[in-house]
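Taking the numbering used here, the leading residue of the sequence shown gets 72, the next gets one more, and so forth.
Glycine included, each C-beta is placed from N, C-alpha and C at the ideal position.
Values in this document were obtained by computation on a predicted structure and should not be read as measured data.
Notes to accompany the following structure.
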Amino acid sequence: MALPTPRPSPSRVALINRTNDPLVLPSARASLPTPPEHALAKRPHAGADSSDATRIKRVKLCLDDMVEPMDCDSDEDRSPAVIWRPKNTIYHRLSARASSRPGAFPHQTLLPAHSTMRSFVSSHTADVFSCRSGRVDSFVTPPYACAYTHAAKRGGAPRLAVATEEGTVFVWDTARRTAEDAVPQRIDLQTHDNGIFDVQWSTSDTFLATSAGDHTTRITDPNAAKTVYILSGHKSTVKSAVWDPAHEQLLSTGGRDGSICVWDLRSSGRCTQGNMSPVMCIKDAHIEDQPAKGRGKKSTASVRTVTSLLYSDMTPCGLISSGSFDGILRYWDLRQSTPPKKSRSTKPPNVLPLYTSSSDPTTVHGARRPRGITSVVAGTGPSAGLLFGLGIDSCVHTYAASTLHPLSSSFTHSKMLTNSFYVRLSMSPDGRTLAAGSTGGSAFLYDVSCASLANLGEFGGSDTGVELASQRGEVGAVDWADGMLATCSDDGTVRVWRSDEEVRRRCTEDDAHWNWAWAVDQESR
Numbered sequence: 072m073a074l075p076t077p078r079p080s081p082s083r084v085a086l087i088n089r090t091n092d093p094l095v096l097p098s099a100r101a102s103l104p105t106p107p108e109h110a111l112a113k114r115p116h117a118g119a120d121s122s123d124a125t126r127i128k129r130v131k132l133c134l135d136d137m138v139e140p141m142d143c144d145s146d147e148d149r150s151p152a153v154i155w156r157p158k159n160t161i162y163h164r165l166s167a168r169a170s171s172r173p174g175a176f177p178h179q180t181l182l183p184a185h186s187t188m189r190s191f192v193s194s195h196t197a198d199v200f201s202c203r204s205g206r207v208d209s210f211v212t213p214p215y216a217c218a219y220t221h222a223a224k225r226g227g228a229p230r231l232a233v234a235t236e237e238g239t240v241f242v243w244d245t246a247r248r249t250a251e252d253a254v255p256q257r258i259d260l261q262t263h264d265n266g267i268f269d270v271q272w273s274t275s276d277t278f279l280a281t282s283a284g285d286h287t288t289r290i291t292d293p294n295a296a297k298t299v300y301i302l303s304g305h306k307s308t309v310k311s312a313v314w315d316p317a318h319e320q321l322l323s324t325g326g327r328d329g330s331i332c333v334w335d336l337r338s339s340g341r342c343t344q345g346n347m348s349p350v351m352c353i354k355d356a357h358i359e360d361q362p363a364k365g366r367g368k369k370s371t372a373s374v375r376t377v378t379s380l381l382y383s384d385m386t387p388c389g390l391i392s393s394g395s396f397d398g399i400l401r402y403w404d405l406r407q408s409t410p411p412k413k414s415r416s417t418k419p420p421n422v423l424p425l426y427t428s429s430s431d432p433t434t435v436h437g438a439r440r441p442r443g444i445t446s447v448v449a450g451t452g453p454s455a456g457l458l459f460g461l462g463i464d465s466c467v468h469t470y471a472a473s474t475l476h477p478l479s480s481s482f483t484h485s486k487m488l489t490n491s492f493y494v495r496l497s498m499s500p501d502g503r504t505l506a507a508g509s510t511g512g513s514a515f516l517y518d519v520s521c522a523s524l525a526n527l528g529e530f531g532g533s534d535t536g537v538e539l540a541s542q543r544g545e546v547g548a549v550d551w552a553d554g555m556l557a558t559c560s561d562d563g564t565v566r567v568w569r570s571d572e573e574v575r576r577r578c579t580e581d582d583a584h585w586n587w588a589w590a591v592d593q594e595s596r
């Protein structure tokens with residue numbers, strides 16, 4: 072039985088006068104529609120002036136998981152410090168990173184970290200560590216600095232080194248435990264007889280560098296409990312130390328004497344009776360040359376402390392420094408130095424900064440005088456290409472890492488006070504959350520996952536943060552590991568915070584708050 076010939080559906084238009092109909096292919100070319108006149112206009116070539124003829128598309132990342140293009144009509148809307156490169160935007164980088172994980176979408180990585188910040192909790196019994204004092208007249212000693220190992224930031228064992236006012240370094244394992252579990256065994260290292268202001272692990276987590284008030288930085292092997300090197304080159308307290316991420320044996324230190332010293336642990340010829348001298352010294356790193364007031368008078372300037380050091384990710388042998396006088400950052404190329412002048416002086420030539428910040432962000436909001444920067448950290452992941460500096464003006468300022476140019480976005484909190492150079496700043500390993508200490512007894516978290524877009528005008532700079540309040544006295548040192556944050560307070564305690572939404576909910580609904588401390592959102596007050 073033959074099947075009936077199918078009839079065309081009345082709801083569909085028959086394929087007549089269409090280019091894909093074999094019966095009308097010969098005449099299809101003649102029936103093609105003429106394109107509109109605006110489509111015939113020539114597009115400017117790649118080298119043409121784009122001020123009026125073209126527009127630069129930017130990617131706008133919305134909170135409702137939408138990604139849509141956004142146009143800028145003029146050059147005034149563009150940030151002068153942002154360099155646009157094809158296929159190198161923040162969205163392209165995060166898309167490639169997110170697509171490598173099964174079941175992940177690019178926009179999931181771009182979601183704000185504010186909800187995670189609000190879920191941070193800390194147990195009063197299992198997450199608090201005391202810095203025991205070695206003196207007879209004291210029970211605890213204030214911690215000045217702390218640092219997790221690089222392995223802990225990658226998800227390994229969370230080993231935390233804490234440096235104290237008495238020159239002692241404690242090393243704890245801060246892995247999650249219950250109140251019934253025994254306190255983990257710690258390592259005690261008496262590296263100095265004076266307060267330690269910075270402690271840093273080497274790139275392989277083999278050595279600890281501790282900078283102290285005795286004008287020295289000591290390199291210690293924590294497993295052998297032995298000091299390997301004593302770096303003597305500063306004339307005052309050493310405030311900061313940083314290891315070169317590309318060279319295991321290189322590090323730099325900054326001191327209250329205003330100088331930056333570069334050290335090479337391989338130069339055994341510079342070691343005398345256990346003391347090693349620097350291979351390079353940058354004196355008066357944050358003092359600008361001032362003209363003399365009169366003939367025969369020398370220019371004088373007060374010493375400006377080097378408060379923080381950071382190796383640049385942009386170029387090798389690049390070092391970024393901050394000072395105690397203003398919010399100007401300086402970039403140093405450690406491979407170059409000024410040519411020696413024609414004089415009989417035998418002093419080595421000094422190094423000049425390759426470039427500095429174009430303006431001071433601490434004076435933007437009508438401040439009568441500039442304020443110093445206590446700590447500088449680099450962004451990573453969604454905040455890559457940015458630098459964050461904690462200022463004495465109780466504000467976290469943003470800089471472009473490639474130019475050190477101050478950007479528009481900043482982060483602050485109504486209760487955060489940072490009028491002390493003991494307060495530090497730390498970036499989470501995923502590059503989404505900043506942690507800052509405070510002289511008011513709390514630590515503060517800021518969502519910087521969209522900081523790059525805020526500087527482009529897509530989002531406004533966030534002025535709200537999350538408060539972690541549970542300690543007494545100044546909370547100075549803070550540092551991140553994978554999934555946890557350590558905060559150090561003048562009350563002699565170190566507290567570890569973790570994200571746990573269930574515990575946080577119980578703390579706000581029932582009596583579980585007697586055993587826990589939790590994050591407090593400024594908007595919920």
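Which of the three DSSP states, helix, strand or coil, is assigned to Thr212?
Along the sequence shown, read from residue 1 onward, the residue named residue 212 stands at position 141. The answer is coil: DSSP assigns Thr212 none of H, G, I, E or B.
Any idea what DSSP makes of His584, helix, strand or coil?
One-based indexing of the sequence shown puts residue 584 at position 513. Three-state DSSP puts His584 in a helix.
Quick one, are the C-beta atoms of Ser311 and Val377 less than 8 Å apart?
Position 240 of the sequence shown, counted from the start, is the residue given in the question as residue 311. Position 306 of the sequence shown, counted from the start, is the residue given in the question as residue 377. In contact: Ser311 and Val377 (Cβ atoms closer than 8 Å).
Since Arg495 and Ile463 should fall inside the 8 Å C-beta cutoff, what is the C-beta to C-beta distance between them, to a whole number of angstroms?
Along the sequence shown, one-based indexing puts residue 495 at 424. Along the sequence shown, one-based indexing puts residue 463 at 392. With 8 Å as the limit, Arg495 and Ile463 do not qualify as a contact, their Cβ atoms being about 13 Å apart.
Report the residue from Val313, Thr288, Thr196 and His318 whose alpha carbon sits nearest the alpha carbon of Ala347.
Position 276 of the sequence shown, counted from the start, is the residue given in the question as residue 347. The sequence given here has Met at residue 347, not Ala. Nearest option by C-alpha distance: Thr288.
Which residue marks the beginning of the beta strand (DSSP E) containing Lys310, and which one marks its end?
Residue mapping note: residue 310 aligns to position 239 of the sequence shown, counting from 1. Counting along the chain, the beta strand (DSSP E) containing Lys310 begins and ends at Val309 to Trp314.
I'd like to know whether the C-beta atoms of Thr451 and Gly502 end up nearer to each other than 8 Å.
Position 380 of the sequence shown, counted from the start, is the residue given in the question as residue 451. Position 431 of the sequence shown, counted from the start, is the residue given in the question as residue 502. Contact: yes.
Pick out whichever of Leu322, Gly326 and Ser330 has its Cα sitting closest to the Cα of Arg337.
Translated into positions along the sequence shown, residue 337 becomes position 266. Among Leu322, Gly326 and Ser330, the Cα nearest to that of Arg337 is on Leu322.
How close, in whole Å, do the beta carbons of Ser454 and Ser513 come, if the pair is a contact with beta carbons under 8 Å?
Stepping through the sequence shown from its first residue, residue 454 is reached at position 383. Stepping through the sequence shown from its first residue, residue 513 is reached at position 442. Rounded, the Cβ-Cβ distance is 23 Å, inconsistent with contact.
Could you tell me if Met487 is buried or exposed, where buried requires 16 or more neighbouring beta carbons within 10 angstroms of its beta carbon?
Your numbering for residue 487 matches position 416 in the sequence shown. That one is buried.
May I ask you to report which of helix, strand or coil DSSP gives His28?
This structure gives no information on residue 28, because the portion of the chain shown stretches from 72 to 596.
Would you kindly report the start and end of the unbroken alpha helix (DSSP H) that includes Lys224?
In the sequence shown, counting from the first residue as 1, residue 224 sits at position 153. That run of the alpha helix (DSSP H) goes His221 to Lys224.
How would you write the range of the beta strand (DSSP E) that Met351 sits in, first residue to last?
Residue numbering aside, residue 351 sits at position 280 when the sequence shown is read from its first letter. Its beta strand (DSSP E) spans residues Met351 to Ile353.
For the region 425-433 against the region 470-487, are there 3 or more C-beta pairs whose distance is under 8 Å?
As far as the Cβ criterion goes, the region 425-433 touches the region 470-487, which means the pair count is three or higher.
What residues in its chain sit with their C-beta under 8 Å from that of Asp252, if we drop five residues either side in the sequence?
Here residue 252 corresponds to residue number 181 of the sequence shown, with the count starting at 1. Contacts found: Ala197.
DSSP three-state label for Met44, please.
Residue 44 falls outside the range modelled here, since the chain spans only 72 to 596, and no answer is possible.
Report the CB separation of Gly547 from Gly508 in whole angstroms; it is logged as a contact under 8 Å.
Counting from 1 along the sequence shown, the entry for residue 547 is found at position 476. Counting from 1 along the sequence shown, the entry for residue 508 is found at position 437. Gly547 to Gly508, Cβ: 5 Å. Contact.
Under three-state DSSP, which class holds Gly266?
Position 195 of the sequence shown, counting from 1, holds the residue named residue 266. Coil at Gly266, not helix or strand.
Between the Cα of Glu545 and the Cα atoms of Ala317, Gly511, Ile444 and Tyr402, which residue gives the shortest distance?
Walking along the sequence shown from the start, residue 545 turns up at place 474. Ranking Ala317, Gly511, Ile444 and Tyr402 by Cα distance to Glu545 puts Gly511 first.
Relative to the C-alpha of Gly562, which residue among Asp550, Cys578, Ser193 and Glu236 is closest?
Your numbering for residue 562 matches position 491 in the sequence shown. The question names Gly, but residue 562 is Asp in the sequence shown. Nearest C-alpha to Asp562: Glu236.
Taking the alpha-carbon of Arg225 as reference, which of Met555, His584 and Arg577 has the nearest alpha-carbon?
If you number the sequence shown from 1, residue 225 lands on position 154. Arg225 has its Cα closest to that of Met555, out of Met555, His584 and Arg577.
Among the candidates Pro213, Asn294 and Cys352, whose CA atom is the shortest distance from the CA of Val565?
Counted from its first residue, the sequence shown places residue 565 at position 494. Val565 has its Cα closest to that of Pro213, out of Pro213, Asn294 and Cys352.
If we ignore side chains and look at the alpha-carbon of each, how far apart do Ala296 and Leu260 end up?
Walking along the sequence shown from the start, residue 296 turns up at place 225. Walking along the sequence shown from the start, residue 260 turns up at place 189. If you take the alpha carbons of Ala296 and Leu260, they lie about 6 Å apart.
Short check: CB of Leu231 to CB of Tyr215, under 8 Å?
The residue labelled residue 231 in the question sits at position 160 within the sequence shown. The residue labelled residue 215 in the question sits at position 144 within the sequence shown. Not closer than 8 Å, so no.
Going by Cα to Cα distance, which pick from Val270, Ala246, Cys332 and Ala228 is closest to Val240?
Mapped onto the sequence shown, residue 240 falls at position 169. Measuring from the Cα of Val240, the nearest candidate turns out to be Val270.
Would you mind giving the Cβ-Cβ distance between His318 and Asp276, rounded to the nearest angstrom? I have them listed as a contact below 8 Å.
Along the sequence shown, read from residue 1 onward, the residue named residue 318 stands at position 247. Along the sequence shown, read from residue 1 onward, the residue named residue 276 stands at position 205. Rounded, the Cβ-Cβ distance is 16 Å, inconsistent with contact.
Buried or exposed, going by whether 16 or more other CB atoms sit within 10 Å of the CB of Trp585?
Against the sequence shown, residue 585 aligns to sequence position 514. Per the 10 Å Cβ criterion, exposed.
Using only the alpha-carbon positions, how far apart do Thr469 and Thr262 sit?
By 1-based counting over the sequence shown, the position of residue 469 is 398. By 1-based counting over the sequence shown, the position of residue 262 is 191. Their Cα atoms are separated by approximately 35 Å.
Between Asp315 and Gly227, what straight-line distance do the alpha-carbon atoms span, to the nearest angstrom?
Residue 315 sits at position 244 when you count from the first residue of the sequence shown. Residue 227 sits at position 156 when you count from the first residue of the sequence shown. Roughly 21 Å separates the two Cα atoms.
Hey, quick one: how far does the alpha helix (DSSP H) through Arg189 stretch, first residue to last?
Taking the first residue of the sequence shown as 1, we reach residue 189 at position 118. Looking at the DSSP string, the run of the alpha helix (DSSP H) that includes Arg189 is His185 to Arg189.
My guess is that Ala234 and Ile258 are in contact by the Cβ rule of under 8 Å, so how many angstroms apart are they, rounded?
Residue numbering aside, residue 234 sits at position 163 when the sequence shown is read from its first letter. Residue numbering aside, residue 258 sits at position 187 when the sequence shown is read from its first letter. Not a contact, Cβ separation roughly 13 Å.
I believe Val467 touches Tyr517 by the beta-carbon criterion, under 8 Å. Please report the beta-carbon distance rounded to the nearest angstrom.
For the purposes of this step, residue 467 is taken as the residue at position 396 of the sequence shown. For the purposes of this step, residue 517 is taken as the residue at position 446 of the sequence shown. Yes, Val467 and Tyr517 are in contact; Cβ-Cβ is about 6 Å, under 8 Å.
Which residues in the same chain as Asp355 place their Cβ atom closer than 6 Å to its Cβ, once the five residues preceding and following it in sequence are excluded?
Locating residue 355 in the sequence shown gives position 284, where the first residue counts as 1. If we look at Asp355 and ignore the five residues flanking it on each side, its Cβ neighbours are Gly329.
Where DSSP assigns a beta bridge to Phe492, which residues make up the other side?
What you label residue 492 is simply residue 421 of the sequence shown in a count that begins at 1. Partner(s): none; Phe492 has no beta bridge.
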